[in-house]
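Structure, as structure tokens:
There are 2 protein chains.
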Amino acid sequence: MGTTQLESVPEPKYWHLKTVLSEALDSEFTVGEILPNERDLAARFGVARATLRQALEQLELEGRLQRRRGVGTTVAPPRMGVAVGPGQRAWPGMPGDDWQPADCAFAVPPAAVAAALETGREEAVHTVRSTRTTRGQAVAAELLYVPQASVPELSAIDAPSGPARARAVLRELQRLEPEGHDSAVELGSARADDAKELDRLPGAPVLVVTTRYLAGGRTAALSVATYRADTCRLTFGDSGSVRIEDGPERRAS
Amino acid sequence: MGTTQLESVPEPKYWHLKTVLSEALDSEFTVGEILPNERDLAARFGVARATLRQALEQLELEGRLQRRRGVGTTVAPPRMGVAVGPGQRAWPGMPGDDWQPADCAFAVPPAAVAAALETGREEAVHTVRSTRTTRGQAVAAELLYVPQASVPELSAIDAPSGPARARAVLRELQRLEPEGHDSAVELGSARADDAKELDRLPGAPVLVVTTRYLAGGRTAALSVATYRADTCRLTFGDSGSVRIEDGPERRAS
DNA sequence: CAGTGGTCTAGACCACCTG
DNA sequence: AGGTGGTCTAGACCACTGA
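Residue numbers (UniProt numbering), protein chains in the order written: chain A, 1 to 253; chain B, 1 to 253.
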């Protein structure tokens, strides 16, 4: 059959829509500008609102848009680079980092954490909750798990919880000799509590950075940090960060 | 008003559904097992198919499920750790890495890449396309941009494209004195070509690792590697990788 | 060819924010 | 109170896989 198949693989509407919108964002909008609302946009492009939303969701995932319920959709600024490698917070609680301890508890951690710490299944550990703020915006929430064995000097007679306790745990931790650390990054979705701290809805995409701190031949502490995937670019490395502007210049129409 | 508000913030159906399914996956399914189809599941839970799909999408994003059109939904194995830091491919083309060069072109790169390489806006660079395979599965697709200035010995008289050319570029690159590199990780969605190589649909969530290779005080090469976010956990660090099993044991029902 | 997940529609109501 | 994005429904058709 000599039929040449032009456009034999029609791309989905939402995909085409995303491309069109993306180009419009580059050429006709400035950072912070608000877009027309979803119902208007859908009508303008002649698609159902759900289809338009599929395109907007992708653009938000890529950090191009920011949507807030009750407010509207705005053009997002370029993602900010956030250092997570050596040099930045080589050891938890180092001065000068932008982490703010918020609270502390002494409780049995999730089984996965207990396994990594090599503690018993029912053994309680110090759990420090912190928040990382960059340029005035909360970008990450962290849970730091510290076995009692790592901070033997720490007595339970002080406040068993609260910010003061959190700082006490970090202070003790710093007295150990750091022997290094290693990290892993993976995609996740924000739990309800993390979402609240990050000013996002539950289920928002996040980059989960799991870091193991080594001292005395053991895992002295384990950090699980949850970064906003929409606004952050995590930088690793020994000599500054890669600075790739993401796309053509953004101009007003 | 003394009305205590129990359940004043009812969680969305899809969120509750996700929790229920997640627990079921832990307790009643084994890795690789196929779930009932979406229409059956939706009926079983008494929700619309779109709502059920919202829950499945989240679970897939978290690497718990794997869905394939025409086939079905299966329980995904734990994510595999993939090393992207020092030690693994300290310099592109090192022997023993699991990257496979596929092709090469000599073309003008995207503006963002040209800026990072500090090349002219219209200056063509060598562009090597590679694929990374781990345990028999394609996990990443990479574009490596190499300015002509980094490989001056390379003449254009050999094959201007193809796998042989790709290897030639990498070979020349290895002759430079590596001075380090730095990387950044961010969330993205797969372009059509990357999606095809990774056996995913366009728009699938990916982790984009941008690495700048330094030599002679300049950026000698720039790598943009696209990793499957659903199946990969990227590991960095100097002493092995963190191995966090993600959740309770998985058993058959 | 039957069955799967992927796309799309046209509605409805809800939660949240701001004036 | 009015407008925004977020959730949900009950359908329909399409693209792909495998027997």
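Every residue gets a Cβ at the ideal spot worked out from N, C-alpha and C, and that includes glycine.
First through last residue of the beta strand (DSSP E) which encompasses residue i
{"i": "A/P205", "result": "P205 to A215"}
{"i": "A/L222", "result": "R218 to R228"}
{"i": "A/V108", "result": "Here A/V108 belongs to no beta strand (DSSP E), and DSSP marks it neither H nor E."}
{"i": "B/T119", "result": "Premise fails: B/T119 is in no beta strand (DSSP E) and is neither H nor E."}
{"i": "B/T74", "result": "G72 to V75"}
{"i": "B/L234", "result": "C232 to G237"}
{"i": "B/E186", "result": "H181 to S189"}
{"i": "B/A83", "result": "M80 to A83"}
{"i": "B/R68", "result": "L65 to R68"}
Close beta carbons around residue i, own chain, < 6 Å, minus the five adjacent residues each side
{"i": "A/A124", "result": "F106, A107 and V108"}
{"i": "A/A229", "result": "P205, V206 and L207"}
{"i": "B/Q58", "result": "K18"}
{"i": "B/G72", "result": "I34"}
{"i": "A/Y213", "result": "H181, A220 and A221"}
{"i": "B/R233", "result": "R79 and G81"}
{"i": "B/A116", "result": "L222"}
{"i": "B/P147", "result": "L117, T119 and V125"}
{"i": "B/G216", "result": "none"}
{"i": "B/W99", "result": "S130 and R132"}
{"i": "B/P77", "result": "V31"}
{"i": "A/P12", "result": "none"}
Same chain, Cβ closer than 8 Å to residue i, neighbours up to 5 away in sequence not counted
{"i": "B/P163", "result": "P101, A102, D103 and C104"}
{"i": "B/H16", "result": "none"}
{"i": "A/A166", "result": "P101, A102, D103, C104, V128, R129 and S130"}
{"i": "B/D194", "result": "A141, V206 and T226"}
{"i": "A/R135", "result": "M80"}
{"i": "B/A111", "result": "R121"}
{"i": "A/L25", "result": "L59, R64, L65, V75 and R250"}
{"i": "A/S161", "result": "D103, C104, A105 and F106"}
{"i": "B/L198", "result": "A138, V139, A140, A141, A190, A204, V206, T226 and R228"}
{"i": "A/P36", "result": "R44"}
{"i": "B/E179", "result": "L214, A215, G216 and G217"}
Environment of residue i [buried if 16+ CB atoms lie within 10 Å]
{"i": "B/V20", "result": "exposed"}
{"i": "A/K18", "result": "buried"}
{"i": "B/G237", "result": "buried"}
{"i": "A/R121", "result": "exposed"}
{"i": "B/A114", "result": "buried"}
{"i": "B/T119", "result": "buried"}
{"i": "B/S27", "result": "exposed"}
{"i": "B/G203", "result": "buried"}
{"i": "A/G32", "result": "exposed"}
{"i": "B/P152", "result": "exposed"}
Residue i and residue j closer than 8 Å at C-beta
{"i": "B/A168", "j": "B/L187", "result": "no"}
{"i": "A/T131", "j": "A/Y145", "result": "no"}
{"i": "A/L52", "j": "A/L61", "result": "no"}
{"i": "B/V224", "j": "B/L143", "result": "yes"}
{"i": "B/V185", "j": "A/V185", "result": "yes"}
{"i": "A/Y14", "j": "A/Q66", "result": "no"}
{"i": "A/A231", "j": "A/V139", "result": "First, the amino acid is wrong: residue 231 of chain A is Thr here, not Ala. Contact: yes."}
{"i": "B/A190", "j": "B/R200", "result": "yes"}
{"i": "A/S150", "j": "A/L170", "result": "no"}
Delimiting residues of the alpha helix (DSSP H) encompassing residue i
{"i": "B/G27", "result": "According to the sequence as given, residue 27 of chain B is Ser; it is not Gly. Start and end: K13 to E28."}
{"i": "B/R135", "result": "That residue, B/R135, is in no alpha helix (DSSP H); it is neither H nor E in DSSP."}
{"i": "A/V169", "result": "P163 to Q174"}
{"i": "A/R44", "result": "E38 to F45"}
{"i": "B/Q54", "result": "R49 to L61"}
{"i": "A/D194", "result": "A192 to E197"}
Contact set for residue i: own chain, Cβ-Cβ below 7 Å, skip 5 residues either direction
{"i": "B/P95", "result": "Here B/P95 scores only 49 on pLDDT, less than 50, and its place in the model is too uncertain to base an answer on."}
{"i": "A/R49", "result": "E38, R39 and A42"}
{"i": "B/F45", "result": "L17 and L52"}
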